[in-house]
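My numbering numbers the first residue of the sequence shown as -6 and each following residue consecutively.
Cβ coordinates follow ideal geometry from the N, Cα and C atoms, glycine included.
These numbers were taken from a predicted model, which means no experiment stands behind them.
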Amino acid sequence: MVKSAGRVLQILEFFDDIRRPATLSEVAHAFGFPQSSTSQLLRSMHSEGYLQFDRETRRYGPSMRVSLLGSWCDDRFVGEGAMLRMMKRLNERTGRAVFLACQVMSRAKYIHVYQSLIPERPHLTLGTSRPLSTSGAGIALLSTMDDSEATRFVLRNNADRPDAVDTASVRGVLAMLAQVRRDGYVCFFDPILSGGVLAAPLRPRPGQPRIAICLGDHMEHMTRDREFLTETFLEEVSRHHSEQALEDSKAAVD
-6 MVKSAGRVLQ ILEFFDDIRR PATLSEVAHA FGFPQSSTSQ LLRSMHSEGY LQFDRETRRY
54 GPSMRVSLLG SWCDDRFVGE GAMLRMMKRL NERTGRAVFL ACQVMSRAKY IHVYQSLIPE
114 RPHLTLGTSR PLSTSGAGIA LLSTMDDSEA TRFVLRNNAD RPDAVDTASV RGVLAMLAQV
174 RRDGYVCFFD PILSGGVLAA PLRPRPGQPR IAICLGDHME HMTRDREFLT ETFLEEVSRH
234 HSEQALEDSK AAVD
């Protein structure tokens, strides 16, 4: 096995064993790895969305993307929580692609995908990342921040791609964020990708990054079926919040 690949698996198993976040030095000490190479590995796993990093405590921990990796294998051992049930229902009711996105630095990364059930629809690649300020998933994620923090990410995205045709205006993004906070979702049309996305922010678990549920299709089909898709999308998001609250209350009692 390639050394770095083996170390990635060891690190994930380490977190499964200790069941808490850990510092760089703790991880390096546990395996006798050099701190320099351990730092590079943890940073890489963080940038790919497999680890989250708390800047205040300087600790790393597994992300939601890790917990979702094996969710399809065997429901007898990996139960479907409220979030996956919502995604599955949306996928079955609409036939459209449904995906979960989380914030990884200044981008929205797709961490779980249910592909479209309709032939000749776009295939969404797991792990795809888009700028926060120029994607439906990103706008939903930005809406959970205050305007000053969101503005910093818009400027960062623009600085990362100064020659791109889809750089965003701060004023335009802030207007969309106000709409998302009011309505609970955004319908975002991306002329670059010729696609449309419905996206809504979800309440993350404590210690988890910002997350958004999204439904996507070709722009023409999204426009044609927008009323049905929006109604179904919001219905399932509302149902999810109720189910999640029930699960949380049961967990608190247990």
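Using only alpha-carbon positions, find the residue among the options that is nearest to residue i.
{"i": "Arg217", "options": "Met98, Phe182 and Arg123", "result": "Phe182"}
{"i": "Met41", "options": "Asp139, Ala161, Arg164 and Thr121", "result": "The sequence given here has Glu at residue 41, not Met. Considering only alpha carbons, the answer is Thr121."}
{"i": "Arg52", "options": "Lys81, Gly25, Ala21 and Ala75", "result": "Ala21"}
{"i": "Val59", "options": "Ser29, Met212 and Leu2", "result": "Leu2"}
{"i": "Leu61", "options": "Ser18, Glu49, Ala101 and Tyr107", "result": "Tyr107"}
{"i": "Ser37", "options": "Asp47, Ser(-3) and Phe8", "result": "Ser(-3)"}
{"i": "Gly165", "options": "Ala143, Ala152 and Leu239", "result": "Ala143"}
{"i": "Ser187", "options": "Ala205, Tyr103, Gly129 and Asp156", "result": "Gly129"}
{"i": "Met138", "options": "Ile204, Phe92, Met80 and Gly25", "result": "Ile204"}
{"i": "Glu49", "options": "Ala15, Ser141 and Met76", "result": "Ala15"}
{"i": "Gly54", "options": "Phe8, Phe24 and Gly74", "result": "Phe8"}
{"i": "Val163", "options": "His214, Ala192, Gly(-1) and Ser141", "result": "Ser141"}
{"i": "Cys180", "options": "Ala152, Asp153, Glu220 and Arg154", "result": "Glu220"}
{"i": "Val190", "options": "Ile206, Ser242 and Asp241", "result": "Ile206"}
So for residue i, helix, strand or coil by DSSP?
{"i": "Asp67", "result": "The predicted position of Asp67 is uncertain, since its pLDDT is 46 and thus under 50; no value can be drawn from it."}
{"i": "Asp9", "result": "helix"}
{"i": "Gly189", "result": "strand"}
{"i": "Gly72", "result": "Confidence at Gly72 is low in this model, with a pLDDT of 47, below 50, so its placement is unreliable and the value that follows should be read with caution. Reduced to three states, the DSSP call for Gly72 is coil."}
{"i": "Phe26", "result": "coil"}
{"i": "Thr118", "result": "coil"}
{"i": "Gly(-1)", "result": "helix"}
{"i": "Met(-6)", "result": "Confidence is the limiting factor: at Met(-6) the pLDDT is only 44, short of 50, which leaves the residue's position unreliable and the question unanswerable from this model."}
{"i": "Gly131", "result": "helix"}
{"i": "His234", "result": "helix"}
{"i": "Asp139", "result": "coil"}
{"i": "Ala161", "result": "coil"}
{"i": "Asp153", "result": "helix"}
{"i": "Gln172", "result": "helix"}
{"i": "Asp241", "result": "helix"}
{"i": "Thr31", "result": "helix"}
{"i": "Leu62", "result": "coil"}
{"i": "Leu195", "result": "strand"}
{"i": "Arg86", "result": "helix"}
List the whole-angstrom C-beta distance separating residue i from residue j, where the pair is believed to meet the contact cut-off of C-beta under 8 Å.
{"i": "Ser99", "j": "Leu125", "result": "6 Å"}
{"i": "Leu195", "j": "Leu208", "result": "Not a contact, Cβ separation roughly 13 Å."}
{"i": "Leu170", "j": "Ile132", "result": "7 Å"}
Using a Cβ-Cβ distance under 9 Å, would residue i count as near chain C?
{"i": "Leu239", "result": "Although the question refers to chain C, the structure presented lacks it and comprises just one protein chain."}
Looking at residue j and residue i, is the spacing between their C-beta atoms short of 9 Å?
{"i": "Met80", "j": "Pro197", "result": "no"}
{"i": "Gln33", "j": "Ser18", "result": "no"}
{"i": "Val78", "j": "His234", "result": "Reading off the sequence, residue 78 comes out as Arg, not Val. Contact flag unset, no."}
{"i": "Met76", "j": "Gln237", "result": "yes"}
{"i": "Leu134", "j": "Ala101", "result": "yes"}
{"i": "Leu35", "j": "Ile11", "result": "no"}
* To do: State whether the segment 220 to 232 contacts the segment 84 to 100, with contact taken as three or more CB pairs (one from each stretch) at a distance under 8 Å.
  => yes
* Can at least three beta-carbon pairs, one atom from the segment 109 to 119 and one from the segment 141 to 149, be found at a separation below 8 Å? -> no
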